[in-house]
Every structure is written in C-alpha cells, then in structure tokens.
Amino acid sequence: MEKDIKTKSGLLTSSNKEEVPWILSEVNSILKKRRGSATRTYGRHAIILMSGGMDSSVLAGLLIDKTDFILHPLFIRRGSRAQKWEERGHDYFYKFYSEKYPNRFNHGKKITVEVPPLELKKYRNREQLKKYGHPMRNVVLQSLGVQYAANLSSELNIDIRTVFTATVPDDSFPHSSLLALRTTTLLACIESGDWQWNVSSPLLDNTVLGQPYNKAELIKYAINKKIPLERTRTCIEKGEDPCLRCPECLSRVKAFETAGVPYV
Ligand SMILES: [Zn+2]
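Take the sequence shown: its letters are residues 425 to 688, numbered as in our numbering.
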C-alpha cells in the first residue's frame, strides 16, 4: 500500500515551500517527454498579467530590458476592494512602457471578471482564507491570460502561447509555486490540445531571466532603472492611501527594509 505523502502538515500543504519535491519533477518530466522541454517558450509574443502592483509593474520592465519578448498586458477588473487604485497604477505603467517601447509593449486589454465571484467570497473560517487564499483564484486569472492569448493570436494572425504572471518567491500560498504554474501549463496544453503553452512567472522560473527575483531585488532593480515604484498599488484595502496594516502592505514595507531603501 502506498504511504501518505508527507509534508509538514500531512496531506494538507499550507505553503508553497512545503510540497514534496518529486511532484514538480514528475510534472516537468511529463512536459519534457511530450514536447522536449518543460520550460521552453514558443515565439516572441507573450501575454503579461498586470495588476497595477509592484511585482507585475517591475516584471514588465525586466522582460523588456533582459529578453526580446513582445508583451501584451492584460488587466482584470476582478472586483477587489482596491480596484480603483490598482487600475490607476496599471494605467500609469501601461502609458509608461507603451510610450517608451511601442514595439515591445502593446495591444493591452482590460476585462471585467469577478475572481472569485462576490457571492463565493464569504468564508466563515477566516484563518483558512489567510493560510490558503481563495482556491483556484490564480489559475482562473491565468486561464483568462490564456484566453486573451488565443483571442489576440487570432486578431493578429500570430501564435501567442506564453502567459507571464508575477508570482514572487516571497509569496507563500500553495498556489504561488513553480509546481502550480507548471501544472497550469500542463492543463492549458492538455485542455487545448496544443503543447506549446507556457504559463509561468519569470520571477520564480529562472529559465526566462537567468535568476529568480524576490521583492527586495525587484525594488533595487526598479530604483536603478528609474521605474517609479510610488505609482504601484499594493494595499488591498479601499482607501487611497496604503493602510500599512494589511499583509500585502506589511510585505511591501519589509521588502523595502530588506532592500535598504526608503519606503514609497
Ligand atoms: Zn494595506
């Protein structure tokens, strides 16, 4: 009889650092067997999910600087409390990159899809939400990226099969892992019958930029390249000014401390 998979919390894996490593190597090996590589990206075009936050706003700059990808950003009005400010951040960076690099950053799209739907967002167990996040939230956002890729491919008569998201190593939910991203890639390939899909975060998957980037490293890079971090929105609360109390605010403050630069 097969033994239970052992992680720190038994069969429940409560963080992206806890999952047993052989699962990632098995998923990688399925992709490698089927298409020759687990991580290869096909073509120069990529969709990038942009939220107006720090990680995705800096990731776009990194990809323009260090790779030859042509990026097509997707902003999802997902019904968050801070949506208005997130959208304002996104709009600033859309203009910032598309005016500077019109051939590398273009065909942006905004869509309105509640993720998760408001009716399904109420939990009795707040602790569970804090630890695991909304189940399948990221995969829904990434699937919308895949759908935009298919839609724009047909509009431009090209093949876009890469979707980038900005998961950083600092994130801790189980869905913020290379395994989750690789599994979404596998699902996109199987579901569409097209084995060229790649859904990944270049900040976690060092095959794209040659190294992973955590939040502190993103901050240092942004300052060096004069990317205006004060225009990004991190706080998940409703007010215009960051609350400096929510987990996202605290993680931003900590990242500035680690980077050794004043918080903005
Ligand atoms: Zn906050």
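Just so it is clear, CB atoms sit at the ideal spot from N, CA and C, and this is done for glycine as well.
- Message: Determine, for lysine 534, whether the minimum Cβ-Cβ distance to residues of chain C falls below 8 Å.
- Response: Protein chain content of the structure displayed is limited to a single chain, and chain C is not contained in it.
- Own chain partners of asparagine 452 with C-beta closer than 6 Å, once the 5 adjacent residues on each side are dropped: Within the same chain, asparagine 452 has close Cβ partners Ala462.
- Message: Closer than 7 Å to a non-hydrogen atom of ligand 1 - does that hold for the CB of leucine 653?
- Response: A distance criterion of 7 Å places the beta-carbon of leucine 653 beyond contact range of ligand 1, judged by its closest non-hydrogen atom.
- Message: Let me check understanding here. Comparing Cα to Cα, which of Arg669, Leu627, Leu603, Gln620 lies closest to methionine 478?
- Response: Ranking the options by Cα distance to methionine 478, first place goes to Leu627.
- Message: I'd like the span of the beta strand (DSSP E) that includes phenylalanine 499, first residue to last.
- Response: Unbroken beta strand (DSSP E) run through phenylalanine 499: 494-501.
- Apart from the five residues just before and just after leucine 603, which ones in its own chain have a Cβ nearer than 7 Å to its Cβ? Excluding sequence neighbours, leucine 603 sits near Glu443, Ile447, Leu448, Val451.
- Comparing alpha-carbon positions, which option in Ala470, Thr465, Arg505, Lys639 lies nearest lysine 545? Per the Cα distances, Arg505.
- Give every residue of the same chain whose Cβ lies closer than 7 Å to the Cβ of lysine 533, excluding the five residues on either side of it in the sequence, and list them in chain order. The beta carbon of lysine 533 sits closer than 7 Å to the beta carbons of Leu498, Tyr572 from its chain, once the five residues preceding and following it are set aside; these are given in chain order.
- Message: So the candidates are Tyr687, Arg501, Ser601; which of them puts its Cα closest to the Cα of alanine 640?
- Response: Closest option to alanine 640, Cα to Cα, is Tyr687.
- Got a sec: does ligand 1 put a non-hydrogen atom nearer than 7 Å to the Cβ of isoleucine 582? Residue side-chain check: isoleucine 582 keeps its Cβ at 7 Å or more from all non-hydrogen atoms of ligand 1.
- Check: leucine 568 C-beta below 7 Å from any heavy atom of ligand 1: No.
- Just the Cα atoms here: how many angstroms apart are proline 541 and proline 636? Rounded to the nearest angstrom, the two C-alpha atoms are 32 Å apart.
- Message: leucine 576 and valine 537 - do their beta-carbons sit closer together than 8 Å?
- Response: No. Outside cutoff.
- Buried versus exposed, by CB contacts within 10 Å (16 or more), asparagine 549: So asparagine 549 counts as exposed.
- Query: What do you reckon, is the C-beta of arginine 657 under 7 Å from a heavy atom of ligand 1?
  - Reply: No, Cβ of arginine 657 sits at least 7 Å from all heavy atoms of ligand 1.
- Boundaries (first-last residue) of the alpha helix (DSSP H) holding alanine 574: From DSSP, the alpha helix (DSSP H) with alanine 574 extends over 561-580.
- Task: Answer yes or no: do tyrosine 643 and leucine 633 have a C-beta to C-beta separation smaller than 8 Å?
- Result: The residue you asked about is not tyrosine; residue 643 is isoleucine in the sequence shown. No, they are not a contact pair.
- Query: Under three-state DSSP, which class holds leucine 674?
  - Reply: Of the three classes helix, strand and coil, the one that applies to leucine 674 here is helix, per DSSP.
- Message: Give me the DSSP bridge partner(s) of valine 587.
- Response: When DSSP reads this structure, valine 587 sits in a beta bridge with Ile471, Val623.
- Message: Does the contact criterion of 3 or more C-beta pairs under 8 Å hold for the segment 481-490 versus the segment 606-616?
- Response: The segment 481-490 vs the segment 606-616: no contact.
- Element boundaries [beta strand (DSSP E), containing isoleucine 535]: Judged by DSSP secondary structure, isoleucine 535 falls within the beta strand (DSSP E) whose first and last residues are 533-536.
- Query: Straight-line CA distance for valine 563 to arginine 606?
  - Reply: Going from the Cα of valine 563 to the Cα of arginine 606 covers about 11 Å.
- Query: How many Å lie between phenylalanine 517 and glutamate 664 at the Cα?
  - Reply: Each residue's Cα considered, the two are about 18 Å apart.
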